[in-house]
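S.K.:
In the working numbering, the protein residues as written are 564 to 616.
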């Protein structure tokens with residue numbers, strides 16, 4: 564919403580700031596997701612090892 568508002572207002576600086584904030588959020592969310600996936604894979608391997616599979 565902030566990106567669109569800034570673009571419609573023709574405020575380049577605000578649009579850039581909003582895009583950068585959005586990209587920072589996306590990067591953080593993706594990093595968290597990838598970390599959770601790695602942790603899940605390790606947990607699955609431990610469970611398989613402990614259950615003798």
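Glycine included, every Cβ here is placed at the ideal spot set by N, Cα and C. What you are looking at is a predicted structure, and each value in this text was computed from that prediction instead of being measured.
Would you say residue 604 touches the ligand GDP, meaning its beta carbon is less than 7 Å from a heavy atom?
M.R.: With respect to small molecules bound, the structure shown includes none, and the ligand GDP cannot be examined in it.
S.K.: Could you work out which residue in 609, 575, 566 is closest to residue 581 when comparing CA atoms only?
M.R.: Here residue 581 refers to the residue found at position 18 of the chain shown. Nearest option by C-alpha distance: 566.
S.K.: Helix, strand or coil, according to DSSP, for residue 615 in the structure here?
M.R.: Taking the chain shown and counting its residues from 1, one reaches residue 615 at position 52. In this structure, residue 615 counts as coil in the three-state DSSP scheme.
S.K.: According to the Cβ coordinates, are residue 577 and residue 584 closer than 8 Å?
M.R.: Within the chain shown, numbered from 1, the residue matching residue 577 stands at position 14. Within the chain shown, numbered from 1, the residue matching residue 584 stands at position 21. Cβ distance not < 8 Å, so residue 577 and residue 584 don't count as in contact.
S.K.: Which residues bound the alpha helix (DSSP H) around residue 569?
M.R.: Here residue 569 refers to the residue found at position 6 when the chain shown is read from its first residue. From DSSP, the alpha helix (DSSP H) with residue 569 extends over 565 to 571.
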